[in-house]
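Visitor: Dropping a structure here in structure tokens format, bear with me for questions.
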């Protein structure tokens with residue numbers, strides 16, 4: 019069983035992502051947002067993404083954060099450091115970066131589909147017209163991967179309550195789902211984007227694992243894969259993990 023609190027050293031890609039997000043936040047908050055519609059152009063606005071085909075928004079929204087709430091970027095960057103650094107050390111920088119963007123872009127796509135469906139169902143256009151910003155979708159994907167790899171490691175939920183990482187991920191997902199079902203798209207938090215990050219990360223890891231197994235079969239097992247799902251049935255307390 020993996021126990022104890024572990025703080026991973028800052029890794030190269032995570033460091034660059036944190037610096038990039040910080041610089042962009044300072045520039046957009048202090049300079050550009052006063053004279054330039056940054057959030058409308060580079061944030062995720064589903065109606066604009068669909069109708070005007072501003073496809074770049076599904077990527078650029080990840081690097082923007084609320085200028086009115088500093089805790090938005092602080093939480094995301096802290097989570098990126100705490101969970102992302104160890105994942106990068108495990109996977110390597112290239113695969114980590116691919117996974118990060120898959121989760122962020124996947125979260126955006128799922129949010130767009132959900133907002134469009136909500137409009138068709140309810141006639142409420144707000145979800146399609148309101149900008150969504152933040153790295154939370156990608157960060158929730160990191161939560162999922164951490165919960166899979168280090169599921170039995172003890173972490174502190176809300177910085178106070180010790181629990182296994184896999185239960186923390188389940189609680190985060192449950193909170194987002196309940197909040198989404200309760201408030202829909204009326205709240206100020208894009209809960210569907212958070213869930214989209216979890217879903218995208220899960221699907222990506224599942225499909226990658228299957229693809230990797232087929233690749234190993236074709237190669238008669240001669241080549242070792244970079245990432246595979248491992249379950250140690252001889253140790254009941256051991257978590258499932260990717261390596």
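In my numbering, the protein residues as written are 19 to 261. Built from N, CA and C at the ideal position, the CB exists for glycine as well.
For residue 169 and residue 111, what's the separation of their Cα atoms in angstroms?
Guide: As a first step, residue 169 is located in the chain shown; it is residue number 151 there, counting from the start. As a first step, residue 111 is located in the chain shown; it is residue number 93 there, counting from the start. For residue 169 and residue 111, the distance between alpha carbons rounds to 21 Å.
Visitor: Start and end of the beta strand (DSSP E) containing residue 173?
Guide: The residue given as residue 173 occupies position 155 in the chain shown. Where residue 173 is concerned, the enclosing beta strand (DSSP E) stretches over 172–175.
Visitor: Helix, strand or coil for residue 149, going by three-state DSSP, please let me know.
Guide: As a first step, residue 149 is located in the chain shown; it is residue number 131 there, counting from the start. If DSSP states are grouped into helix, strand and coil, residue 149 belongs with coil.
Visitor: When burial is assigned at 16 or more other CB atoms within 10 Å of the CB, is residue 106 buried or exposed?
Guide: The count along the chain shown starts at 1 and reaches residue 106 at position 88. Looking at its Cβ environment, which holds 16 or more other Cβ atoms inside 10 Å, residue 106 is buried.
Visitor: Quick one: what's residue 179 bridged to in DSSP?
Guide: In the chain shown, the residue the question calls residue 179 occupies position 161. Residue 179 pairs with 175.
Visitor: On the premise that residue 68 lies in contact with residue 126, defined as a C-beta separation below 8 Å, what is that separation, rounded to the nearest angstrom?
Guide: Here residue 126 refers to the residue found at position 108 of the chain shown. Here residue 68 refers to the residue found at position 50 of the chain shown. That pair is no contact at about 12 Å.
Visitor: Use the C-beta contact count for residue 158: other C-beta atoms within 10 angstroms, 16 or more gives buried, fewer gives exposed.
Guide: In the chain shown, the residue the question calls residue 158 occupies position 140. Counting Cβ neighbours within 10 Å, residue 158 comes out buried, since at least 16 surround it.
Visitor: Counting pairs of beta carbons, one from the segment 45–63 and one from the segment 141–154, are three or more of them closer than 8 Å?
Guide: Because the criterion of three Cβ pairs below 8 Å is met, the segment 45–63 and the segment 141–154 touch.
Visitor: So, helix, strand or coil for residue 199, using DSSP?
Guide: As a first step, residue 199 is located in the chain shown; it is residue number 181 there, counting from the start. Residue state, collapsed to three classes: helix.
Visitor: Looking at C-alpha atoms only, which residue of 146, 227, 187 and 101 is the closest neighbour of residue 70?
Guide: The sequence position of residue 70 within the chain shown is 52, counting from 1. Ranking 146, 227, 187 and 101 by Cα distance to residue 70 puts 146 first.
Visitor: Could you pull out every residue in the same chain whose Cβ sits closer than 6 Å to the Cβ of residue 252, ignoring the five residues on either side in sequence?
Guide: Position 234 of the chain shown holds residue 252. Low confidence applies here, because residue 252 scores a pLDDT of 36, under 50, leaving its location unreliable and the question unanswered by this model.
Visitor: Less than 7 Å between C-beta atoms, sequence neighbours within five positions excluded: which residues of the same chain meet that for residue 43?
Guide: By 1-based counting over the chain shown, the position of residue 43 is 25. Closer than 7 Å at Cβ, skipping near neighbours: 83 and 91.
Visitor: Which value, in whole angstroms, describes the spacing of the CA atoms of residue 129 and residue 206?
Guide: On the chain shown, residue 129 is found 111 positions in, with the first residue counted as 1. On the chain shown, residue 206 is found 188 positions in, with the first residue counted as 1. When rounded, the distance between both Cα atoms is 14 Å.
Visitor: From which residue to which residue does the alpha helix (DSSP H) around residue 58 run?
Guide: Mapped onto the chain shown, residue 58 falls at position 40. Taken as a continuous stretch (DSSP letters only), the alpha helix (DSSP H) holding residue 58 covers 56–60.
Visitor: Within the segment 35–114, note down every full alpha helix (DSSP H) run reaching 4 residues or more, in order along the chain.
Guide: Fully enclosed alpha helix (DSSP H) runs of 4 or longer: 56–60, 64–69, 75–78, 88–97 and 103–109.
Visitor: Is it buried or exposed, residue 225, if we count other Cβ atoms within 10 angstroms and call 16 or more buried?
Guide: Here residue 225 is taken as the residue at index 207 of the chain shown, counted from 1. Exposed, because fewer than 16 other Cβ atoms sit within 10 Å of the Cβ of residue 225.
Visitor: By a C-beta neighbour count over all protein chains shown, 10 Å radius and 16 as the cutoff for buried, is residue 201 buried or exposed?
Guide: Your numbering for residue 201 matches position 183 in the chain shown. It counts as exposed.
Visitor: Between residue 187 and residue 165, which are expected to be in contact by the criterion C-beta below 8 Å, what is the C-beta distance as a whole number of angstroms?
Guide: Numbered from 1 along the chain shown, position 169 holds the residue referred to as residue 187. Numbered from 1 along the chain shown, position 147 holds the residue referred to as residue 165. Right, the Cβ-Cβ distance comes to about 3 Å (below 8 Å), so this counts as a contact.
Visitor: Mind checking residue 132: buried by the 16 CB within 10 Å criterion, or exposed?
Guide: For this step, residue 132 is matched to residue 114 along the chain shown. So residue 132 ends up on the buried side.
Visitor: What would DSSP say about residue 28, mapped onto helix, strand or coil?
Guide: Counting from one through the chain shown, the residue named residue 28 turns up at place 10. Residue 28 falls in the coil class under three-state DSSP.
Visitor: On the criterion of 16 or more Cβ atoms from any shown chain inside 10 Å, does residue 233 qualify as buried, or is it exposed?
Guide: Stepping through the chain shown from its first residue, residue 233 is reached at position 215. Its Cβ having fewer than 16 others within 10 Å, residue 233 is exposed.
Visitor: Going straight from the alpha carbon of residue 37 to that of residue 95, what length do you get?
Guide: The count along the chain shown starts at 1 and reaches residue 37 at position 19. The count along the chain shown starts at 1 and reaches residue 95 at position 77. Straight-line Cα distance between these residues: approximately 9 Å.
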